[in-house]
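Residue numbers for the sequence shown follow full-length UniProt numbering, beginning at 1 and rising by one.
Heads up, the beta-carbon is just placed ideally off N, CA and C, and yes, glycines get one too.
All values reported here derive from a predicted model rather than from experimental measurement.
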Amino acid sequence: MQVNPGIFKAYDIRGIYPSELNEDVAFLIGRAFASFLQAETVVVGRDMRTSGPSIFDAVTRGLMHQGADVINIGMVSTDQYYFACTKLGLPGMMVTASHNPKQYNGFKMVKKMPQLLSGDAGIQDLRKLVESEAFDEPTRQGSMSELDLSEEFIESVLQLIDVASLKSLKVIADTGNGMVGPILQRVYERLPVELIGLYLDPDGTLPNHGLDPLQPENRAELEARVVSENADVGFAFDGDGDRFFAIDNRGQFISGDFMTALMGQYFLEKHPGAKILYDVRASWAVPELIGAAGGVPLMERVGHAFIKARMSNEGAIFAGEVTGHYYFGDFNYADSGVIPSLIILEMLSKKGKTLSELLAPLEATYFISGEINTKVADVKAVLATLAEKYSDAEQHTMDGLSVNYLDWHFNVRGSNTEPLLRLNLEARSKELMEAKRDEVLAIIQG
C-alpha cells in the first residue's frame with residue numbers, strides 16, 4: 001500500500017488523520033506489528049483524540065486478523081500503558097500522537113519492556129511490511145479481551161514514595177484535557193495534599209489549550225493560578241502523560257535539566273553512588289550536581305528508546321531529558337508523568353523548603369538559553385559550518401554537534417520530526433550566555 005514514509009519516525013509512528021494515517025493504514029500497521037514480532041498477544045490502549053476510537057478499532061482488527069489476541073486496556077496515559085506491558089510481559093501498541101496537535105494520531109510501540117520499537121529497531125521494518133503487504137497468511141483469528149489495571153498502577157506508583165512523610169501541600173495540576181487527569185485524581189485522593197485541577201477531563205477537541213507545556217501559552221494560566229492561589233507548586237502534563245513539568249511557588253517554569261539535577265540529587269540520598277542518565281542538551285548542573293552528590297552521571301543521545309536501552313544496560317536508577325521525560329529504574333526504566341510529581345511532593349515535604357529555595361543555587365550558577373528552534377534548509381551544512389567556526393573547542397557528535405569551552409557550551413541537533421535545528425546553550429554568566437547565544441544563532445540563521 002502506498003503510504004507516506006514520513007509517518008514512520010525515530011521513536012514512534014505519527015501522522016495527520018486521515019490524510020497520512022487512516023483506518024486502512026492502521027489496519028496494515030496492526031498486521032505488520034503482529035507479523036514482525038510474531039506476537040501471540042498484544043496490549044493496546046489509546047488516548048483521548050477524536051480519531052482514537054476508529055484508529056483503535058482498525059489497528060486491533062489488523063492484529064487479530066494476523067492471529068494475535070488483543071488485551072484492550074482502554075483509555076489510559078502512556079505510563080499506565082507501559083505499566084500494563086511490564087506487568088503482563090507483553091508487547092504493546094498505544095494509539096497516541098503524544099503532544100502533537102489534535103489532528104494527529106499515531107502509535108507508541110513496545111517490543112518487550114523496556115525495549116521499544118524505534119526507527120532503526122523495528123519501525124522501518126513495519127514500514128516495509130505495510131508498503132509490500134507481504135504478510136504470512138495467518139493460521140488463526142485473534143480475539144479481544146478487556147483488562148483494567150488502573151488500581152494496580154496506583155498502588156505501584158505510590159510504593160515509590162513515603163506517603164506518610166507528605167505534608168498538606170497545595171498543588172495545582174493542569175492536564176490540558178489529556179489523559180492524565182482521571183488517574184492523577186485517583187492517585188492524589190490517597191495523599192494528604194490539596195489538589196486544584198485545571199482541565200482534568202480528557203477531551204480530544206482540546207477546548208482550552210494545546211498539549212505541549214513547553215509552549216509558554218499552554219502553561220500561562222497554570223503559572224498565574226499558582227501565584228493567585230498561593231499554591232506550593234504547579235504541575236503540567238503533556239497529552240499522553242509521559243512528560244512532566246513543574247512550576248515553582250513564584251509561578252516560574254522550571255527547566256527540565258534543573259528538574260533532573262534536583263531529582264537526581266534526591267535519588268542519590270536514597271541510592272548512594274547510583275548511575276543517572278541525562279541527555280546531550282542538558283545544563284552542566286546535571287553532571288556537576290550528580291557528581292558532587294557521589295553519583296555517576298552518564299550522557300546519552302536524545303530519545304526514549306535510547307535512554308531506556310542505556311538505563312537497562314547500565315542499571316541506572318534515574319534519567320531525565322530536557323524536554324520533561326523522566327525515567328525510573330523502579331518503574332522498569334519507563335518514563336512517567338505521575339511519578340515525578342510524587343517525587344517532588346516528597347522532596348518538598350522532607351526538605352521543608354520551597355521549590356524556589358531549592359532552585360536558587362542553580363539559578364545563581366547556571367545560565368541556560370532554553371531550546372531555540374530555527375528553520376533551516378540544510379541541517380548538515382549548518383552543523384559543518386558551526387564545527388569549523390568552533391574548531392578550537394572540544395567537540396563530539398553523539399547527537400548532532402556538541403561544542404564545549406570552559407565557560408560556555410552548546411548542542412545543536414536536527415529535529416527528528418521537522419526541518420528545524422534545535423539549539424541549547426549555556427554559560428557561566430548571564431551576559432556570556434546571551435552574547436554566545438546571539439553569536440551562534442546568527443551563524444545558524446545565515
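- Within the same chain, show all residues whose beta-carbon is closer than 8 Å to that of residue 227, passing over the 5 residues directly before and after it, in chain order. Position 227 of the sequence shown, counting from 1, holds the residue named residue 227. Cβ within range, chain order: 250 and 251.
Less than 7 Å between the C-beta atoms of residue 295 and residue 307, yes or no?
As a working mapping, residue 295 is identified with position 295 in the sequence shown. As a working mapping, residue 307 is identified with position 307 in the sequence shown. Not a contact, by the Cβ cut-off of 7 Å.
Checklist entry - By how many angstroms is the C-alpha of residue 429 removed from the C-alpha of residue 48? => result Along the sequence shown, one-based indexing puts residue 48 at 48. Along the sequence shown, one-based indexing puts residue 429 at 429. Going by the C-alpha atoms only, they are around 44 Å apart.
| request: For the region 205–225 and the region 94–111, state whether three or more C-beta atom pairs, one from each stretch, are separated by less than 8 Å. | output: yes
Suppose you measure from the CA of residue 346 to the CA of residue 235; what does that come to, to the nearest Å?
Stepping through the sequence shown from its first residue, residue 346 is reached at position 346. Stepping through the sequence shown from its first residue, residue 235 is reached at position 235. Going by the C-alpha atoms only, they are around 14 Å apart.
message = Taking the beta carbon of residue 79 as the centre, do at least 16 other beta carbons fall within 10 Å, making it buried, or is it exposed?
response = Looking up residue 79 in the sequence shown gives position 79. The residue in question, residue 79, is buried, as its Cβ has 16 or more Cβ neighbours within 10 Å.
**Item:** Classification of residue 140 by the beta-carbon crowding that lies within 10 angstroms, buried from 16 upward
**Value:** Position 140 of the sequence shown holds residue 140. With fewer than 16 other Cβ atoms within 10 Å, it is exposed.
Original post:
What did DSSP end up calling residue 13 once you bin it into helix, strand or coil?
Top reply: Taking the first residue of the sequence shown as position 1, residue 13 is located at position 13. The answer is strand: DSSP assigns residue 13 an E or B state.
Where does residue 326 sit, in a helix, a strand or coil, going by DSSP?
Working through the sequence shown from its first residue, we reach residue 326 at position 326. In this structure, residue 326 counts as strand in the three-state DSSP scheme.
query: Comparing alpha-carbon positions, which option in 282, 155, 232 and 117 lies nearest residue 403?
result: Along the sequence shown, read from residue 1 onward, the residue named residue 403 stands at position 403. Considering only alpha carbons, the answer is 282.
According to the neighbour-count rule (16 or more other Cβ atoms, all chains shown, within 10 Å of its Cβ), is residue 21 buried or exposed? Stepping through the sequence shown from its first residue, residue 21 is reached at position 21. Buried, since its Cβ has 16 or more Cβ neighbours within 10 Å.
Is residue 64 closer than 7 Å to residue 28 when the C-beta atoms are compared?
-> Working through the sequence shown from its first residue, we reach residue 28 at position 28. Working through the sequence shown from its first residue, we reach residue 64 at position 64. No. Outside cutoff.
Margin query: Using C-beta distances below 6 Å, list every residue in its chain close to residue 109, excluding the 5 sequence neighbours before and after it, in chain order.
Written below: Here residue 109 refers to the residue found at position 109 when the sequence shown is read from its first residue. Answer for residue 109: 93 and 117, listed in chain order.
| request: Could you give the DSSP three-state label for residue 524: helix, strand or coil? | output: What the structure shows of the chain is the stretch from 1 to 446, and residue 524 is not part of that stretch, so it cannot be assessed.
| query | Is it true that the region 193–205 meets the region 34–51, where meeting means three or more beta-carbon pairs spaced less than 8 Å apart? | reply | yes
Three-way DSSP call (helix, strand, coil) for residue 109 in this model:
On the sequence shown, position 109 is the one that residue 109 refers to. Here residue 109 sits in strand by DSSP.
- Query: Going by the CB atoms, is the gap between residue 290 and residue 264 shorter than 7 Å?
  - Reply: Taking the first residue of the sequence shown as position 1, residue 264 is located at position 264. Taking the first residue of the sequence shown as position 1, residue 290 is located at position 290. Taking 7 Å as the Cβ cut-off, residue 264 and residue 290 qualify as a contacting pair.
For the beta strand (DSSP E) that contains residue 420, what are its first and last residues? Looking up residue 420 in the sequence shown gives position 420. Residue 420 -> beta strand (DSSP E) spans 420–427.
Among all the DSSP beta bridges, which residues are the ones paired with residue 219? Here residue 219 corresponds to residue number 219 of the sequence shown, with the count starting at 1. None; residue 219 has no bridge partner.
I need the boundaries of the alpha helix (DSSP H) containing residue 407, first residue and last residue. The residue labelled residue 407 in the question sits at position 407 within the sequence shown. Looking at the DSSP string, residue 407 is not in any alpha helix (DSSP H), and its letter there is neither H nor E.
Exercise. Excluding sequence positions up to five away, which residues of its chain have a Cβ less than 8 Å from the Cβ of residue 149?
Worked result: To locate residue 149, count along the sequence shown from 1; it is residue 149. For residue 149, where only same-chain residues beyond five positions count, the Cβ hits under 8 Å are 73, 80, 83, 84 and 87.
Quick one: grab the DSSP three-state call for residue 437. Along the sequence shown, one-based indexing puts residue 437 at 437. Helix, per DSSP.
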